[in-house]
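Shown next, in structure tokens, is the structure this report addresses.
Numbering (this note's numbering), first residue to last: 18 to 261.
Put into structure tokens, the structure is as follows:
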């Protein structure tokens with residue numbers, strides 16, 4: 018089982034190495050420094066909660082490292098897949114849904130920081146000054162939405178719950194990014210709301226199909242993991258949902 022999980026992890030890593038596309042995060046220097054600083058401050062408590070949950074989950078469930086690595090690789094790969102937008106910009110999946118469902122939303126904050134930091138340094142995706150803002154949208158709001166949606170629907174239909182969690186976690190990430198940009202650059206005529214609408218329109222046409230695709234892919238990945246390592250997955254899910 019462990020060997021098959023490792024194989025899946027390396028396949029995902031290979032996808033990243035063989036793909037030269039670039040992701041769309043808020044770029045270096047785009048946000049005013051005061052805005053960037055506020056997002057860094059907001060992210061601190063969530064990051065601390067993530068470190069706490071990492072310690073707790075390792076104590077309560079064995080073989081968690083492979084799941085943590087897989088969640089990180091999945092997030093890294095999907096958020097690095099840039100697809101052109103009809104507006105001349107680009108959109109990408111986020112990959113936060115799987116990790117949020119299996120590990121909880123706060124652990125995904127820690128993973129999100131690492132993913133975004135590596136992308137900023139090595140792939141020129143996003144930036145260091147905007148790390149807090151990108152973490153807030155992709156590493157905090159997206160995972161929390163995914164976790165809550167799955168928790169709400171998991172007892173009705175597991176696959177639908179996974180699909181909705183991954184898809185809505187993706188979409189809400191872009192809603193928050195549009196809001197962040199709208200607040201930073203309000204429209205002269207319509208103010209913040211008009212600006213948010215314009216930024217949201219940049220991604221809407223491409224991001225909705227991407228969110229659907231990410232939902233389907235996450236269901237597929239989840240079912241593969243369940244097939245080959247059901248006992249380990251069940252222990253993790255018990256920690257997340259029977260004790261919270």
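In this text, a Cβ means the ideal position worked out from N, Cα and C, and glycines have one as well.
For residue 195, the enclosing alpha helix (DSSP H) stretches over residues 175-201. Excluding the 5 residues flanking it on each side, residue 145 has same chain C-beta neighbours closer than 7 Å at 45, 137, in chain order.
Between the alpha carbons of residue 231 and residue 184 lies a gap of roughly 6 Å. By the neighbour-count definition (other C-beta atoms within 10 Å, threshold 16), residue 206 is an exposed residue. In the DSSP assignment, residue 46 falls outside any alpha helix (DSSP H), carrying neither H nor E. Per DSSP, residue 94 is one residue of the alpha helix (DSSP H) stretching across 81-95. Contact check for residue 130 against residue 57 fails: the beta carbons are separated by 8 Å or more.
Boundaries of the alpha helix (DSSP H) harbouring residue 251: 247-258, taken from the DSSP string. No Cβ-Cβ contact shorter than 8 Å links residue 223 with residue 96. Distances from the alpha-carbon of residue 128 to those of 42, 192, 92 put 92 closest. Looking from the CA of residue 62, the closest CA among 133, 135, 170, 152 belongs to 152. Taking C-beta atoms as the reference points, residue 124 and residue 67 count as a pair closer than 8 Å. Non-local C-beta neighbours of residue 209 in its own chain, meaning closer than 7 Å and more than five positions away in sequence, comprise 199, 200, 203, ordered along the chain.
According to DSSP, residue pairing for residue 208 in a beta bridge involves 204. In the DSSP annotation of this structure, the continuous segment of the alpha helix (DSSP H) that includes residue 165 starts and ends at 159-170. The alpha carbon of residue 149 has as its nearest neighbour, out of 52, 256, 258, 176, the alpha carbon of 52. Distances from the CA of residue 80 to each of 257, 248, 258 were compared; the closest alpha carbon is that of 248.
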